[in-house]
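First the structure, in the form of structure tokens, and then the observations on it.
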Amino acid sequence: TGAPAISTVATAGSNVGSYAITTAAGNLAAQNYQFSTVDAALTVNARPITVAANARTTTYGTSLSLGTTDYSLSSGTLAAGDAISSVTLQYNSSATVPGTTNAATYANGIVASAAAGTGGFNTTNYAISYSPANLTVNKATLTVTADNKSRVYGDANPALTQTISGFLNGDTISVVTGSANASTTASSATAAGTATISASAAGLTASNYNFNTLVDGTLTITPRPVTLSATAQNTTYGTPLNLGTSAYTLSSGTLASGDAVTAVTLQYNGNATVPGTTNAATYANGIVASAATGSGGFNTTNYAISYVAAGLTVNPKPITLGGQVVNHKTYDGTTSAVLNSSGATLNGVVNGDAVTLDASGAYGTFASANVANGIAVTVAGNALAGASAANYTLSQPTGLSANITPAPLTVTANADSKIIGQSDAAGYGGVSYSGFVAGQSAANLGG
1 TGAPAISTVA
11 TAGSNVGSYA
21 ITTAAGNLAA
31 QNYQFSTVDA
41 ALTVNARPIT
51 VAANARTTTY
61 GTSLSLGTTD
71 YSLSSGTLAA
81 GDAISSVTLQ
91 YNSSATVPGT
101 TNAATYANGI
111 VASAAAGTGG
121 FNTTNYAISY
131 SPANLTVNKA
141 TLTVTADNKS
151 RVYGDANPAL
161 TQTISGFLNG
171 DTISVVTGSA
181 NASTTASSAT
191 AAGTATISAS
201 AAGLTASNYN
211 FNTLVDGTLT
221 ITPRPVTLSA
231 TAQNTTYGTP
241 LNLGTSAYTL
251 SSGTLASGDA
261 VTAVTLQYNG
271 NATVPGTTNA
281 ATYANGIVAS
291 AATGSGGFNT
301 TNYAISYVAA
311 GLTVNPKPIT
321 LGGQVVNHKT
331 YDGTTSAVLN
341 SSGATLNGVV
351 NGDAVTLDAS
361 GAYGTFASAN
371 VANGIAVTVA
381 GNALAGASAA
391 NYTLSQPTGL
401 SANITPAPLT
411 VTANADSKII
421 GQSDAAGYGG
431 VSYSGFVAGQ
441 SAANLGG
């Protein structure tokens, strides 16, 4: 009956080793037996665990410190009160993955070792297996940027280019293979403004880079510069002039294909019509062009239009003189004629203008100084007077004529004498004349 007394100094926290198990009879009792004891040994073995490094990820160009805590206890358990505080983690025997490490997945690249801990955790009490983990170095991202471009409305698109940026570790464009082209939906007919230039990485490869960042560019389409010049126009005083919308030229620049200017607003003093009351003169830049309209893509958005004014010439109005006549005269050896303007009238004056005849310097000239009827007379010297005289030009009257009648000439026989029996001398007695006009004498007589 009873039970033996068995004991050991070993506890759950005892380190690995051998510990005595002491045996005593305790309160054992048997009528026919006596008890002897034999001690034994308690062996504490190392506790098996597996410490596994955790997989890590970094990006090309960025160094990665592996630290000492990125692990897990993948098998086994720790004894109560024990803890792992750190594990040595290395890539290529270094605690840091260099930023120059090429992009790839390195199987079992992270190696764990030399775990340390607290409580009873030590390499004597534990049989530690270490499990490596994968290291993944992702590709770094390059930025493909479509370069901004500009052109004039109506022109073809310029060559579209791209810039690749974001290289690391001294890398250059030489690490990139393939080619990619930016694109735009804009055409020569696209209106002035902006259009998107789409970046593209299609066809580009690089061992350590991806091309996941695309930055679009901007195509700026500027208005097409042209100059529209009004065409000089003429009118006559008293006649209104409608300037119309077509008297212009494209003096510089060209229109885009398919575009046309159909009308230009032309004005004088803000009016499309030059009044008939506009004084005769030359008005430099008097015709102002503006507000062109057209077809196709022609509009003030797509074109930067400069306008050039033109001259307006208002010519004096021709008027005629009626009722002026030539007086007949007696032969005086000259061609001068005397004009009679008492019944003269001006024909063609408009607008109720104050215009009068100034005949003070007028004169006539006979076609011949000799006596005749209906001799043609040329008139000159008639002029205009009055506030509006500058708005007119006066035509001298034509088709005038008058008569030149003979001048009276007195012939007087001269007294003479001779001796009886003598013959009369030639020109006996002779005659005297009076009434010759200046510069003339009997030598001008015939017969």
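The sequence shown lines up with residues 1 to 447 when you count with full-length UniProt numbering.
We put the beta carbon where it would ideally sit given N, CA and C, even for glycine.
Specify whether the stretch 187-199 and the stretch 208-221 touch according to this definition: at least 3 beta carbon pairs, one from each stretch, less than 8 Å apart. yes
Please report how far the alpha carbon of Thr335 lies from the alpha carbon of Ser432, in whole angstroms. 27 Å
My guess is that Ala133 and Ala10 are in contact by the Cβ rule of under 8 Å, so how many angstroms apart are they, rounded? At roughly 37 Å, the Cβ-Cβ gap does not stay under 8 Å, so Ala133 and Ala10 are not in contact.
Closest Cα partner of Thr313 within the set Phe436, Ala159, Tyr237 and Gly421: Minimum Cα distance to Thr313 is reached at Tyr237.
How many angstroms separate the CA atom of Ala40 from the CA atom of Thr8? Rounded to the nearest angstrom, the two C-alpha atoms are 9 Å apart.
With DSSP collapsed to three states, give me the class of Ile419. Looking at Ile419 - three-state DSSP - the assignment turns out to be coil, as it is neither helix nor strand.
Once the 5 residues before and after Ala372 are set aside, which same chain residues still bring their CB inside 8 Å of it? Asn403 and Ile404
Close Cβ partners of Phe366 (< 6 Å) along its chain, the five nearest in sequence each way excluded: Residues of the same chain with a CB within less than 6 Å of the CB of Phe366, apart from the 5 flanking positions on each side, are Thr335, Ala337, Ile375 and Val377 in chain order.
By DSSP, does Ala389 sit in helix, in strand, or in coil? Residue state, collapsed to three classes: helix.
Am I right that Ser131 and Ala112 are in contact with their C-beta atoms under 8 Å? What's the rounded C-beta distance? 7 Å
When the distance is taken between beta carbons, is Leu321 closer than 8 Å to Leu357? Yes, Cβ-Cβ distance for Leu357 and Leu321 is below 8 Å.
Within 10 Å of its beta-carbon, does Ile6 have 16 or more other beta-carbons around it, so buried, or fewer, so exposed? exposed
What first and last residue would you give for the beta strand (DSSP E) that runs through Ser75? Tyr71 to Ser75
Alpha helix (DSSP H) segments (min. 4 residues) lying fully within the stretch 196-241: Fully enclosed alpha helix (DSSP H) runs of 4 or longer: not present.
Going along the chain, which residues of its own chain have a beta-carbon closer than 8 Å to the beta-carbon of Thr412, five neighbours each way excluded? Val431, Ser432, Tyr433 and Ser434
Are at least three pairs of beta-carbons, each pair with one atom in the stretch 237-256 and one in the stretch 198-205, less than 8 Å apart? no
Let me confirm a value: Ala443 is counted as buried when at least 16 other C-beta atoms fall within 10 Å, else exposed. Which label applies? exposed
Enumerate, from N- to C-terminal direction, the unbroken alpha helix (DSSP H) stretches of 4 or more residues contained entirely within the stretch 331-357. none
Between the C-alpha atoms of Gly76 and Thr57, what's the straight-line distance to the nearest angstrom? Cα to Cα, the separation comes out at about 27 Å.
On the DSSP letters alone, give me the boundaries of the beta strand (DSSP E) that Phe366 sits inside. Tyr363 to Phe366
Buried or exposed for Pro397, please, with buried defined as at least 16 other CB atoms from any protein chain shown within 10 angstroms of its CB. When all chains shown are included, Pro397 counts as buried.
In this structure, does DSSP put Val411 in helix, strand or coil? Strand.
From what residue to what residue does the beta strand (DSSP E) around Leu250 run? Tyr248 to Ser252
If Ala230 sits next to Ala309, beta carbons under 8 Å apart, how far is it from one beta carbon to the other, in whole angstroms? So it is a contact: roughly 6 Å between Cβ atoms.
Proximity of Ala182 and Ile197 at Cβ, strictly below 8 Å: yes
Spatial neighbours of Thr43 within its chain, please: C-beta separation below 6 Å, excluding the five flanking residues on both sides. Ser18
If I follow the unbroken beta strand (DSSP E) through residue 448, where does it start and stop? The chain is shown only over 1 to 447; residue 448 falls outside these bounds and no answer can be derived.
Excluding the 5 residues preceding and the 5 following Ile128 in the sequence, name in chain order all residues of the same chain whose CB lies nearer than 7 Å to its CB. Ile49, Val51 and Ala115
Can the beta-carbon of Ala359 be found less than 8 Å from the beta-carbon of Asn391? no
Other residues of its chain near Asn55: CB distance less than 8 Å, five sequence neighbours each side excluded: It should be noted that the sequence gives Ala, not Asn, for residue 55. Answer for Ala55: Ile110, Ala133, Asn134, Leu135 and Thr136, listed in chain order.
Label Val379 either buried or exposed according to how many other C-beta atoms from any shown protein chain fall within 10 Å of its C-beta, with 16 as the threshold for buried. With a threshold of 16 other beta carbon atoms within 10 Å, Val379 meets it and is buried.
Name the residue from Gly323, Val355 and Lys329 whose alpha carbon lies nearest to the alpha carbon of Thr345. Gly323
Contact defined as beta carbons within less than 8 Å: I believe residue 473 pairs with Ala12. What is the distance between those atoms, to the nearest angstrom? The chain is shown only over 1 to 447; residue 473 falls outside these bounds and no answer can be derived.
Straight-line CA distance for Asn351 to Thr393? 15 Å
Quick one, which of Ser388, Arg151, Ser188 and Asn208 has its alpha-carbon nearest residue 531's? Outside the shown range of the chain (1 to 447) lies residue 531, about which nothing can therefore be said.
Report buried or exposed for Tyr33, applying the criterion of at least 16 other Cβ atoms within 10 angstroms of its Cβ. In the assembly as shown, Tyr33 is an exposed residue. Its beta-carbon has fewer than 16 other beta-carbons within 10 Å.
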